[in-house]
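Residue numbers (our numbering), protein chains in the order written: chain G, 91 to 405; chain D, 91 to 405.
There are 2 protein chains.
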Amino acid sequence: MNNVPTKIDIESAHERIKNHIHKTPIFTSSSINKILQSNLFFKCENFQRAGAFKMRGATNTILSLTEKELSKGVATHSSGNHAGALALAAQSLNTTAYIAMPNTAPEIKRKAVESYGGKITFCKPTLDDRERTLSEIVRKTGATFIHPYDNYRIIAGQATCTKEILEEINNLDYLLAPLGGGGLLSGTLLSSKYFSNSTKVIGVEPKGADDAYRSIRDGKIYPSINPKTIADGLLTSLSEKTFNIIKENVYKIITVEEETILEAMYLIWERMKIIIEPSSATVLAAVMENQKQFHGKSAALILSGGNVDIKSFQR
Amino acid sequence: MNNVPTKIDIESAHERIKNHIHKTPIFTSSSINKILQSNLFFKCENFQRAGAFKMRGATNTILSLTEKELSKGVATHSSGNHAGALALAAQSLNTTAYIAMPNTAPEIKRKAVESYGGKITFCKPTLDDRERTLSEIVRKTGATFIHPYDNYRIIAGQATCTKEILEEINNLDYLLAPLGGGGLLSGTLLSSKYFSNSTKVIGVEPKGADDAYRSIRDGKIYPSINPKTIADGLLTSLSEKTFNIIKENVYKIITVEEETILEAMYLIWERMKIIIEPSSATVLAAVMENQKQFHGKSAALILSGGNVDIKSFQR
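Here it is, written out as structure tokens:
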């Protein structure tokens, strides 16, 4: 797939994956609506298989492989939700996922990949060593490398999340998605363009990892250097593919403070009784920091995942 | 309402309250089913308004008051979910809830009652002082005292939870409900008797608060003296009304260890990405400690509430 996904590509992706993923529910909270004087719809990808939207893209990509490719497995380097999702999708579709994982990755992430049958090769936590380790895996196994977001099939898969939102909720003023490498936001933008008329799409980034904000502002990709945020899913840089889709389609990018991310996460835990990871809380943080803009408006917020060791948090 | 609720009483209660409560979802978890080799259905009353099933009974009772009674408000003594639910139900139905609350109640419970417009009178944390304070409130305001469970309208309201389960899931082998004062379990037993043929109902109690287990075993009510459990919703004693319904209808009472309650709570947090309070975890703990009995069986587990300060937990 060498071109930006079309409307038909996203419809086909949805058809392809729908028996392999959960159609996640959309929750509302009257108490949060009351606090923020807005009409918010929370798309609960924390309930997605493997605990994050990443399952959509991973499944779409694996299901698009040839039989020969499938027989040799898939590979990636990641310490996060993409690794877990790729491992579970591979297991569900009877192939193998090889993961190059930094030896500093949290135990909870390692265990998730292992519990889904993923084969881990540990490497040093540098980009160089990760790429070298991955090349070695691919050379040895013949597995297909699946980039977490610089891949149009991944983007088409992530786009199905917003397709589901727009099939369920009409006349949304805004759609908000967390912004890391830009795969989810790219998919959100494409689905909004194809399946909605007037919804404005906003990407949300922590202030401490605002490389995408600066990249879009200045029209060139800045790498994410030493990002400092609790939102551990949003540390990566944009890629060529995601940069171009975002630059062309996004309404705006909002950056949010760490303190608000935590406050938003606790608010969702306490009021909605659901567990989300810090990256997911950025979208509510954006509404909290910009109440005037969202006053009286309807907005869908993508809660991207729920993989967090909540026992490690204390106020 | 002076008699044990009939089938028609429960149907009427459901009709009466259904526009004022959430019809909560039933979740499943393939990973927990795999671990326990059972087919479990979790009724998510943690998503109920005010965060617990107590909203059902409180709403049913308030909606059954005369106009004159309604104008004078309702009163109870409680530091837990009944107080919060009564306050929210009263606010929603345009009356006032007066709550006698021990001055040792956790801040989170006090804040919940206040946020729902409840009027709190603080008292000492003794039964004597709670009852004296409550009598004083009732004398001054003319409010109707609503006991948290020794009340057939409350029991009929709680029964609607299991009615919803049985309308959605057929041929359940077991229904499990947490057991404190016995209001939820009594309602569960009545609905199971009226709306199911063969489902066995099990009450679950912490070993450290096993007064109901002993009461049913010996055929007389033992008061709950110095209960020691993290399940703070299950500290109370049975009442005449709940004791009689339970004695006559329950399949068995299972008691569970504190350690298993915590393990079950973390399992649900981590795998299902939902927040439940310790009392709710007892039902999964019962399955974990009795895997042979539940092997290959289908069981509905009532997750009674989600009001917990999760930041206070660390392994």
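Using N, Cα and C, we set each Cβ at its ideal position, and we do this for glycine too. Just so it is clear, the structure is predicted and the values come from calculations on it, not from any experiment.
How would you label residue i, buried or exposed, when you count the other beta carbons within 10 angstroms and need 16 or more for buried?
{"i": "residue 261(D)", "result": "exposed"}
{"i": "residue 405(D)", "result": "Residue placement at residue 405(D) is flagged as unreliable, the pLDDT there being 46, under the threshold of 50; the coordinate-derived value follows with that caveat. Exposed: under 16 other Cβ atoms inside 10 Å."}
{"i": "residue 275(G)", "result": "buried"}
{"i": "residue 200(G)", "result": "buried"}
{"i": "residue 381(G)", "result": "exposed"}
{"i": "residue 216(G)", "result": "exposed"}
{"i": "residue 308(G)", "result": "exposed"}
{"i": "residue 118(D)", "result": "exposed"}
{"i": "residue 288(G)", "result": "exposed"}
{"i": "residue 385(G)", "result": "exposed"}
{"i": "residue 135(D)", "result": "buried"}
{"i": "residue 194(D)", "result": "exposed"}
{"i": "residue 257(G)", "result": "exposed"}
{"i": "residue 133(G)", "result": "buried"}
{"i": "residue 121(D)", "result": "exposed"}
{"i": "residue 59(D)", "result": "No answer is possible for residue 59(D): the residues shown for chain D start at 91 and end at 405."}
Helix, strand or coil for residue i? Go by DSSP, reduced to three states.
{"i": "residue 356(D)", "result": "helix"}
{"i": "residue 391(D)", "result": "strand"}
{"i": "residue 211(D)", "result": "strand"}
{"i": "residue 242(D)", "result": "helix"}
{"i": "residue 93(D)", "result": "coil"}
{"i": "residue 132(D)", "result": "strand"}
{"i": "residue 142(G)", "result": "strand"}
{"i": "residue 250(D)", "result": "helix"}
{"i": "residue 400(G)", "result": "helix"}
{"i": "residue 411(D)", "result": "Examination of residue 411(D) is not possible in this model, given that chain D is present from 91 through 405 alone."}
{"i": "residue 125(G)", "result": "helix"}
{"i": "residue 176(G)", "result": "helix"}
{"i": "residue 270(D)", "result": "coil"}
{"i": "residue 108(D)", "result": "coil"}
{"i": "residue 332(D)", "result": "helix"}
{"i": "residue 372(G)", "result": "helix"}
{"i": "residue 309(D)", "result": "coil"}
{"i": "residue 259(D)", "result": "coil"}
{"i": "residue 320(G)", "result": "coil"}
{"i": "residue 183(D)", "result": "coil"}
{"i": "residue 103(G)", "result": "helix"}
{"i": "residue 303(G)", "result": "helix"}
{"i": "residue 206(D)", "result": "coil"}
Considering only residues of the same chain and omitting the five flanking positions on each side of residue i, which have a CB-CB separation below 6 Å?
{"i": "residue 368(G)", "result": "320, 321, 351, 355"}
{"i": "residue 328(D)", "result": "272, 302, 305, 311"}
{"i": "residue 270(G)", "result": "323, 324, 326"}
{"i": "residue 232(D)", "result": "162"}
{"i": "residue 353(G)", "result": "none"}
{"i": "residue 185(D)", "result": "160, 163"}
{"i": "residue 127(D)", "result": "385"}
{"i": "residue 187(D)", "result": "164, 176, 177, 180, 208"}
{"i": "residue 371(D)", "result": "351, 354, 355"}
Report, in whole angstroms, the separation of the C-beta atoms of residue i and residue j, which I expect to be a contact under 8 Å.
{"i": "residue 333(G)", "j": "residue 311(G)", "result": "5 Å"}
{"i": "residue 250(G)", "j": "residue 267(G)", "result": "The pair is not a contact, with the Cβ atoms about 13 Å apart (cut-off 8 Å)."}
{"i": "residue 296(G)", "j": "residue 345(G)", "result": "7 Å"}
{"i": "residue 95(D)", "j": "residue 255(D)", "result": "That pair is no contact at about 17 Å."}
{"i": "residue 124(D)", "j": "residue 137(G)", "result": "At roughly 17 Å, the Cβ-Cβ gap does not stay under 8 Å, so residue 124(D) and residue 137(G) are not in contact."}
{"i": "residue 103(D)", "j": "residue 150(D)", "result": "5 Å"}
{"i": "residue 376(D)", "j": "residue 259(D)", "result": "Going by Cβ atoms, the distance from residue 376(D) to residue 259(D) rounds to 18 Å, so no, they are not a contact pair."}
Skipping 5 residues on each side, what residues in its chain have a beta carbon closer than 8 Å to that of residue i?
{"i": "residue 402(D)", "result": "none"}
{"i": "residue 93(D)", "result": "242"}
{"i": "residue 189(D)", "result": "165, 166, 167, 168, 173, 176, 177, 203, 208, 209, 210, 211"}
{"i": "residue 198(D)", "result": "397, 399"}
{"i": "residue 340(G)", "result": "275, 279, 291, 292, 293, 306"}
Mind checking who residue i pairs with in its DSSP beta bridge?
{"i": "residue 265(D)", "result": "291(D), 390(D)"}
{"i": "residue 117(G)", "result": "132(G)"}
{"i": "residue 167(D)", "result": "190(D)"}
{"i": "residue 151(D)", "result": "Partner(s): none; residue 151(D) has no beta bridge."}
{"i": "residue 234(D)", "result": "164(D)"}
{"i": "residue 296(D)", "result": "346(D)"}
{"i": "residue 364(D)", "result": "364(G)"}
Output needed for residue i: all residues of its chain with C-beta closer than 7 Å, excluding positions within five of it in sequence on either side, in chain order.
{"i": "residue 273(G)", "result": "147, 238, 239, 244, 245, 248, 332"}
{"i": "residue 228(D)", "result": "165, 235"}
{"i": "residue 153(D)", "result": "106, 107, 183"}
{"i": "residue 139(G)", "result": "111, 112, 145, 178"}
{"i": "residue 219(G)", "result": "213"}
{"i": "residue 330(D)", "result": "240"}
{"i": "residue 281(G)", "result": "100, 249, 252, 253, 256"}
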